[in-house]
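So the structure is just underneath, and the comments pick up after that.
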Amino acid sequence: MKKNIFNTSAAKITKVYALLLLGITVILSSVIISVVGLKQFQVQRHEALGIVRGLKRSFIANRNDWYWWRMGSSMDTDTTFVRISVAQQGKKQRYLYSPNAKAFLATKDQGSVTHLTANTHYATKTGLFYHVRASDLSTNKADPSVRYDIWVKLNGLTALLWLLIRLILLIALVFLIIGTWFIYLLARKLNRPLVELTGTTKVINQDISNNYKRQLPVPDSPQEVHDLTVAFNQLLKSLSDQEQADRRFVSNASHELKTPIATIRGYVSLVDRRGDAHPEVIPTALKYIDQESERMQRLVESLLKLSRANRLELKTTAVDLSAVVQATATHYSDVMTRPIRTKIQPQVTAQAHQDSIEQILISLLNNAQKYSPAETPITVSLTADDQTVTLAIADQGIGVPDDQKKLIFGRFYRASSVRNSVAGNGLGLAIVQQLVTLSHGQIVVRDNQPQGSVFMVTLPR
Ligand code: ADP
Numbered sequence: 165m166k167k168n169i170f171n172t173s174a175a176k177i178t179k180v181y182a183l184l185l186l187g188i189t190v191i192l193s194s195v196i197i198s199v200v201g202l203k204q205f206q207v208q209r210h211e212a213l214g215i216v217r218g219l220k221r222s223f224i225a226n227r228n229d230w231y232w233w234r235m236g237s238s239m240d241t242d243t244t245f246v247r248i249s250v251a252q253q254g255k256k257q258r259y260l261y262s263p264n265a266k267a268f269l270a271t272k273d274q275g276s277v278t279h280l281t282a283n284t285h286y287a288t289k290t291g292l293f294y295h296v297r298a299s300d301l302s303t304n305k306a307d308p309s310v311r312y313d314i315w316v317k318l319n320g321l322t323a324l325l326w327l328l329i330r331l332i333l334l335i336a337l338v339f340l341i342i343g344t345w346f347i348y349l350l351a352r353k354l355n356r357p358l359v360e361l362t363g364t365t366k367v368i369n370q371d372i373s374n375n376y377k378r379q380l381p382v383p384d385s386p387q388e389v390h391d392l393t394v395a396f397n398q399l400l401k402s403l404s405d406q407e408q409a410d411r412r413f414v415s416n417a418s419h420e421l422k423t424p425i426a427t428i429r430g431y432v433s434l435v436d437r438r439g440d441a442h443p444e445v446i447p448t449a450l451k452y453i454d455q456e457s458e459r460m461q462r463l464v465e466s467l468l469k470l471s472r473a474n475r476l477e478l479k480t481t482a483v484d485l486s487a488v489v490q491a492t493a494t495h496y497s498d499v500m501t502r503p504i505r506t507k508i509q510p511q512v513t514a515q516a517h518q519d520s521i522e523q524i525l526i527s528l529l530n531n532a533q534k535y536s537p538a539e540t541p542i543t544v545s546l547t548a549d550d551q552t553v554t555l556a557i558a559d560q561g562i563g564v565p566d567d568q569k570k571l572i573f574g575r576f577y578r579a580s581s582v583r584n585s586v587a588g589n590g591l592g593l594a595i596v597q598q599l600v601t602l603s604h605g606q607i608v609v610r611d612n613q614p615q616g617s618v619f620m621v622t623l624p625r
């Protein structure tokens with residue numbers, strides 16, 4: 165698997181690199197070969213023309229200067245061949261040849277000759293050669309009865325060009341090998357953390373229940389993979405936290421449901437066993453069964469509310485909060501056993517979700533009543549400034565100790581002091597907090613003076 169990833173990326177990069185190298189080699193060799201070839205070709209041409217000039221200067225028809233010239237010339241007679249034809253009046257044309265020239269011409273004429281340019285030709289027997297005639301020269305002031313032909317073999321030039329091509333190919337090959345090796349090493353270095361990341365992710369996928377707790381080793385480099393791994397670890401951490409919270413929630417919920425179910429089953433069994441002989445147990449059993457099933461119903465309703473609140477997307481409208489809070493407080497003062505006082509700033513409006521505001525207020529009023537002695541007043545106040553609206557519900561009850569001020573908003577949390585004395589399931593404040601968060605607000609609990617607590621909900625306007 166590891167090898168495959170390395171190979172895939174390394175192969176892709178190598179392919180691009182090889183293509184690039186090929187392109188550069190082709191361009192570079194064309195340029196070098198053209199420049200060197202042209203330069204060499206010019207040198208050869210220059211030499212050939214030089215020979216013609218030398219010949220013209222020294223040659224006079226019918227004199228022996230040709231032999232003097234031949235003796236004094238530094239011309240390479242193996243690669244350069246000269247033929248001079250002298251036209252004599254009334255006589256046959258006379259030819260003078262430099263050494264090897266005759267043999268060269270004979271060999272050349274045995275095969276076919278291809279004309280590449282006006283002066284450059286390729287003969288199958290002798291190879292590439294350059295041919296110049298005296299008439300090609302612009303400074304042709306010599307005797308017109310004398311004609312000069314010079315052939316210069318370009319074998320040296322061809323050999324040089326071949327050597328150059330081979331050299332360039334060799335260098336390209338060396339670069340290809342070194343480059344490929346370097347790419348492989350680099351790809352491996354860059355890919356290793358990604359391969360590890362992929363491997364661990366697969367392990368996590370295979371065993372989700374245990375592996376959210378795993379953290380990936382964070383590589384120092386490359387920076388992008390480092391950042392990716394850190395982000396991935398954060399994701400794992402929050403998934404792990406969430407998973408633990410979910411487990412706790414399910415276990416708490418089952419525990420809360422277990423108690424009333426056990427009670428109900430206990431009374432059903434009692435009636436079953438003793439109902440006939442002792443019918444007096446039936447009303448008591450029914451009372452408890454009713455009580456416990458009601459408790460279960462409340463719990464299930466709360467769970468549903470919480471689950472709904474988790475998925476809820478609140479559609480806000482302009483709400484006259486002063487009116488809503490006043491109406492709810494008035495309505496509840498009729499059914500509550502504690503007097504409700506209101507201090508409501510008039511005409512406070514905000515973009516809000518009316519149902520949620522009512523639910524929050526009702527929940528906090530219920531708690532205020534549950535956790536305060538009879539007849540102590542509950543105060544509902546609403547104040548606002550330019551930015552925020554604050555809804556406060558103050559009671560004079562048992563209060564919340566400092567170390568529990570945050571905990572009470574957790575699901576199923578109940579203070580130990582109330583666990584056995586006051587009915588409840590510990591979900592009310594969790595639902596309230598969820599609704600406040602969905603409304604982009606905040607909720608805190610403070611101490612009331614001289615006693616009790618104040619729950620303050622701050623919402624944006
Ligand atoms: P429940 O009231 O069903 O226990 P809540 O989530 O509404 O669940 O409250 C969680 C805990 O917070 C309560 O058990 C109680 O200990 C504490 N609490 C809530 N409201 C008040 C209050 N007004 N005064 C004192 N304690 C409170």
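For the numbering used here, add 164 to where a residue sits in the sequence shown, where the first one is 1. Idealized CB from N, CA, C, for every residue including glycine.
One Cα belongs to Y312, the other to V296, and the distance between them is close to 8 Å. The alpha carbon of I557 has as its nearest neighbour, out of Q551, V608 and A587, the alpha carbon of V608.
Per DSSP, M620 is one residue of the beta strand (DSSP E) stretching across S617 to P624. Restricting attention to Q253, V250, R217 and S249, the CA atom closest to the CA of S237 is found in R217.
For the beta strand (DSSP E) assignment, the stretch 368 to 404 encloses no uninterrupted run of at least 3 residues.
Partner residues in the beta bridge of H295, as assigned by DSSP, are W315. Using a cutoff of 7 Å, the CB of N531 counts as near the ligand ADP, since one of the ligand's heavy atoms is closer than that. For the pair of segments examined, the stretch 492 to 506 was found to touch the stretch 531 to 540: the number of CB pairs separated by less than 8 Å reaches three.
Contact annotation: T244 and V316 have beta-carbon atoms nearer than 8 Å. Sequence-distant partners of T364 (beyond 5 residues in either direction) whose C-beta falls short of 7 Å from its own C-beta, in its chain, are R378 and L380. A Cβ-Cβ contact shorter than 8 Å links R610 with S617.
Relative to the ligand ADP, even the nearest heavy atom lies 7 Å or more away from the CB of S585.
Taking 7 Å as the cut-off, the C-beta of K469 does not count as close to any heavy atom of the ligand ADP. DSSP places Q253 in no alpha helix (DSSP H); its state is neither H nor E. Rounded to whole angstroms, the gap between the alpha carbons of Y231 and R247 is 13 Å. Under the DSSP assignment, S497 falls outside any beta strand (DSSP E), being part of the alpha helix (DSSP H) whose first and last residues are L485 to V499.
A residue is called buried when at least 16 other Cβ atoms come within 10 angstroms of its Cβ; T481 does not meet this threshold and is exposed. Contact check for A336 and T178: beta-carbon distance about 14 Å, past the 8 Å limit, so the pair fails to qualify. Annotated as proximal: V483 and T513, with beta-carbon spacing under 8 Å. Per the coordinates, the alpha-carbon of K507 lies some 17 Å from the alpha-carbon of I524. Put simply, the backbone Cα of R583 is about 9 Å away from that of G590. Unbroken alpha helix (DSSP H) runs of no fewer than 4 residues, entirely contained in the stretch 494 to 552, are found at 518 to 534, following chain order. By alpha-carbon distance to N264, the top candidate from T278, I521, M239 and Q509 is M239. Using a Cβ distance threshold of 8 Å, T271 and K289 count as a contacting pair.
Sixteen is the threshold: since fewer than 16 other Cβ atoms of the shown chains lie within 10 Å of the Cβ of D519, the residue is exposed. Taking the CA atoms as reference points, L468 sits about 27 Å from V432. Contact between the stretch 590 to 599 and the stretch 453 to 472 is present, with at least three C-beta pairs closer than 8 Å.
Between the alpha carbons of S457 and P447 lies a gap of roughly 15 Å. Annotation for K534 indicates a beta carbon within 7 Å of some heavy atom of the ligand ADP. Of the other Cβ atoms in all chains shown, 16 or more fall within 10 Å of the Cβ of N612; this residue is therefore buried. In the three-state reduction of the DSSP assignment, I191 falls in the helix class, which pools H, G and I.
Cβ contact annotation for H285 (same chain, cutoff 7 Å, sequence separation greater than five): V277, T278, H279, F293 and H295, in chain order. Here the alpha carbon of L260 sits roughly 12 Å from the alpha carbon of W233. DSSP, read as helix, strand or coil, puts Y577 in coil. Sorting A491, A426 and D440 by C-alpha distance to the C-alpha of I453 places A426 at the top.
Look at A287 here: in three-state DSSP terms it is strand.
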